[in-house]
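Structure first, commentary second.
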Amino acid sequence: MGEFTMPSLGADMDEGTLVEWLVAPGDPLRKGDPVAVVETAKSTIEVECFESGAMGRLLVEPGATVPVGTPLALIEPAEGARREPEGRGKRQKHPVTPPAPQEPAEPEPAPGPEPAGGDGEVGGTGPLIRRLAERRGVDLTALHGTGPAGRVTRADIERAATDTARSPRVRATPLARRRAAELGVDLASVTGTGRDSVIRAEDVGGAAPGGAAPPPPPPPAAASVRPSRPPGEQAPGMRQAIARLMTRANRDIPHYYLSTTVDMAVSMDWLHDHNRRGPMAERLLPAALLLKAAALAAREVPALNGFWTDDRFTAGEGVHLGVAVSLRGGGLIAPVLHGADTLDLPALMGALKDLVTRARTGRLRGSEVSDATLTVTNLGDQGVETVFGVIHPPQVALVGFGRVADRPWAVDGLLGVRPVVTVTLSADHRATDGAVGARYLTAVDRLLQKPEEL
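Going left to right, the sequence shown walks through residues 4 to 457 as the working numbering numbers them.
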């Protein structure tokens, strides 16, 4: 049995707050499935499970803040996954099987005292009733028994199973179901925004009449678990995280800085022609060209694409660009364009839009905020012409792009006005020297002169 632990979603993350479980005990899991929502100092992120199996016991309640590495839940092996109740699914590994022996007629629970309620016992139900409910996929806790003293009978289960079969099951997270019950919201009327349209707690809140206040924080699940931070401290938390990381970067990393100005006339002409001929949905922004050039140059100069750890440089496996995104509420986060050097421009543009949108709405996943090998910051849309950034440890470089602006520019001895952009490089002097950085900026310039090859 494996453990699902609080992941590290960045070099600056020491702890995280579990916001919501997206699965319930017994749910089957595939590697890569998002299983929980975690709030870090910088953002709210969906975290994935990295092994297949079935969700076992949940060890931490939503609302609790725990250190990185704390077990959040147990993952049972695949063969321990909860079997689908008969009649609900169609998957059968052995279609030709001898008929199962008939169950003995289910006796109605006899009136009279039942054994003291054990774990999972509801309304004095006996083991036969519980087994029948499990086979038919009926939640005993949701039934009102019609038997003596309110006991659940076989007829109650059959009736509930029939009702369930008539109405399709609404897909919702456990927290969303609890919120719906608290607010009196019919889940069937709610549009889910989670993966595969699964209804999440905030969807329920939005569907409640007049909106709904956020759920109250539940009590801590264990003595080692600290309560969640009050909402009013979220922004300071982000500033504190950024402060810690940047202090560490400036203290530990000996930066050197280079810059160059790149003539963007060819790139902008190509971009305008591309956008004029293509459909609206496939139009590109200059940022797509700049990011692709930065990624290809990193592939050419791998000494700037990797990590400084244990007093040595380790090259990154692939070019994974962290893209600095400013958040509307303040602060920033750097989601990752994995394999940016391998994406064509439309795919890179689409991935960039998607990441920026989800970064600003707290919909990033854990794999999308880790493993960046080089970070790019682009403040051109803010009107900035030059930006010298601080390296995000343990990376060894950061690339900055300013605004594409018209400036006087001499070509072949003739002065004219052309669009140009200032490209900067902040690099770790422990890993490289200025000559390596200069080679990188030269590569960016050369690549931007042939936009059709990006």
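Backbone N, C-alpha and C define an ideal beta-carbon position, used for all residues, glycine too.
Predicted model only: the values in this text are computed from it and were never measured.
Handout entry: Spatial distance of residue 33 from residue 265 (CA atoms)
Key = Each residue's CA atom was taken as its position, placing residue 33 and residue 265 some 46 Å apart.
Exercise for the section: State the DSSP-derived secondary structure class of residue 398, mapped to helix, strand or coil. Expected result: When DSSP states are grouped into helix, strand and coil, residue 398 belongs to the strand group.
Practice task
Just the C-alpha distance for residue 210 and residue 165, rounded to the nearest angstrom, thanks.
Solution key: About 28 Å.
Problem - Simplified DSSP assignment, three categories, for residue 59 - result: DSSP places residue 59 in strand when its eight states are reduced to three.
Practice task
Assign residue 56 to one of two classes, buried (16 or more other C-beta atoms within 10 Å of its C-beta) or exposed (fewer than that).
Solution key: With 16 or more Cβ atoms within 10 Å of its Cβ, residue 56 is classed as buried.
Problem - residue 253 at chain C interface by Cβ criterion, 7 Å - result: The structure shown contains no chain C, having only a single protein chain.
Exercise for the section: Please work out which residues of its chain come closer than 6 Å, Cβ to Cβ, to residue 201, disregarding the five sequence neighbours upstream and downstream, and give them in chain order. Expected result: 174, 195.
Handout entry: Selection from 396, 278, 259 that minimises the alpha carbon distance to residue 438
Key = If we check each option's Cα against that of residue 438, 259 comes out closest.
Practice task
Flag this pair as yes or no: are the beta carbons of residue 457 and residue 263 separated by less than 7 Å?
Solution key: Not a contact, by the Cβ cut-off of 7 Å.
Practice task
Taking only the alpha-carbon atoms, compute the straight-line gap between residue 418 and residue 396 and give it to the nearest angstrom.
Solution key: Approximately 42 Å between the Cα atoms of the pair.
Problem - residue 293 to residue 302 span [Cα, whole Å] - result: Those two C-alpha atoms are separated by around 14 Å.
Handout entry: Residues near residue 454 by beta carbon distance below 6 Å, same chain, minus five either side
Key = If we look at residue 454 and ignore the five residues flanking it on each side, its Cβ neighbours are 270, 273, 292.
Practice task
Would you kindly check if the distance between the Cβ of residue 390 and the Cβ of residue 382 is under 7 Å?
Solution key: Their beta carbons are under 7 Å apart, which means residue 382 touches residue 390 by this criterion.
Exercise for the section: Throw me the rounded Cβ distance for the residue 354 and residue 340 pair, which I believe falls under 8 Å. Expected result: About 6 Å; that satisfies the 8 Å criterion.
Practice task
Under 7 Å Cβ to Cβ from residue 191, same chain only, skipping five residues before and after it: list those, please.
Solution key: Cβ contact annotation for residue 191 (same chain, cutoff 7 Å, sequence separation greater than five): 173, in chain order.
Exercise for the section: For residue 47, collect the residues of the same chain with a Cβ closer than 7 Å to its Cβ; drop the 5 residues on either side in sequence, then sort them by chain order. Expected result: The residues 22, 40, 365, in chain order, have a CB closer than 7 Å to that of residue 47 in the same chain once the five nearest residues on each side in sequence are set aside.
Practice task
Below 8 Å on the Cβ atoms is my guess for residue 148 versus residue 155; work out the distance and round it to an integer in Å.
Solution key: So it is a contact: roughly 4 Å between Cβ atoms.
Practice task
Note down, in chain order, each residue of its chain lying with its Cβ closer than 8 Å to the Cβ of residue 386, except the 5 sequence neighbours on either side.
Solution key: For residue 386, where only same-chain residues beyond five positions count, the Cβ hits under 8 Å are 406.
Practice task
Would you decide whether residue 275 is buried or exposed? Buried here means 16 or more other CB atoms lie within 10 Å of its CB.
Solution key: So residue 275 ends up on the exposed side.
Handout entry: For residue 280 and residue 427, the rounded distance between their alpha carbons
Key = Linking residue 427 to residue 280 through their CA atoms gives a straight-line distance of about 32 Å.
Problem - Own chain, CB closer than 7 Å to residue 251, minus 5 neighbours either side, in chain order - result: If we look at residue 251 and ignore the five residues flanking it on each side, its Cβ neighbours are 396.
Handout entry: N-terminal and C-terminal residue of the alpha helix (DSSP H) that residue 192 is part of
Key = No alpha helix (DSSP H) contains residue 192, which DSSP labels as neither H nor E.
Exercise for the section: Determine the contact status of residue 74 and residue 61, defining contact as a CB-CB distance below 7 Å. Expected result: With respect to the 7 Å criterion, residue 74 and residue 61 are not classified as neighbours on the basis of their beta carbons.
Handout entry: Cβ-based neighbour list, residue 178, same chain, cut-off 8 Å, excluding 5 preceding and 5 following
Key = The beta carbon of residue 178 is closer than 8 Å to those of 23, 24, 65, 203, 204, 218 in its chain, skipping five residues each way along the sequence.
Handout entry: Rounded C-alpha distance that separates residue 254 from residue 244
Key = So the alpha carbons of these two residues sit roughly 15 Å apart.
Practice task
Name, in chain order, the residues that DSSP records as bridge partners for residue 21.
Solution key: The partner list for residue 21 (beta bridge, DSSP) reads 41.
Exercise for the section: Check whether the Cβ of residue 183 lies closer than 6 Å to any heavy atom of the ligand ZN, and answer yes or no. Expected result: Ligands are entirely absent from the displayed structure, and the ligand ZN is therefore not among its contents.
Problem - Residue(s) in a DSSP beta bridge with residue 205 - result: Secondary-structure assignment with DSSP links residue 205 through no beta bridge to anything.
Handout entry: residue 349 versus residue 362 - alpha carbon distance
Key = Rounded to whole angstroms, residue 349 to residue 362 spans 20 Å at the Cα level.
Handout entry: Per DSSP, the bridge partner or partners of residue 50
Key = Looking at the DSSP output, residue 50 bridges to 39.
Practice task
Within its chain, find whatever has a CB closer than 7 Å to the CB of residue 277; leave out the 5 residues flanking it on each side and keep chain order.
Solution key: The residues 287, in chain order, have a CB closer than 7 Å to that of residue 277 in the same chain once the five nearest residues on each side in sequence are set aside.
Exercise for the section: Assign residue 256 to one of three DSSP states: helix, strand, or coil. Expected result: It is coil, neither helix nor strand.
Problem - Alpha carbon of residue 408 to alpha carbon of residue 79, nearest angstrom - result: Distance between the alpha carbons of residue 408 and residue 79 is about 57 Å.
Handout entry: Backbone CA spacing between residue 343 and residue 161 [nearest angstrom]
Key = Spanning the two alpha carbons is a distance of roughly 55 Å.
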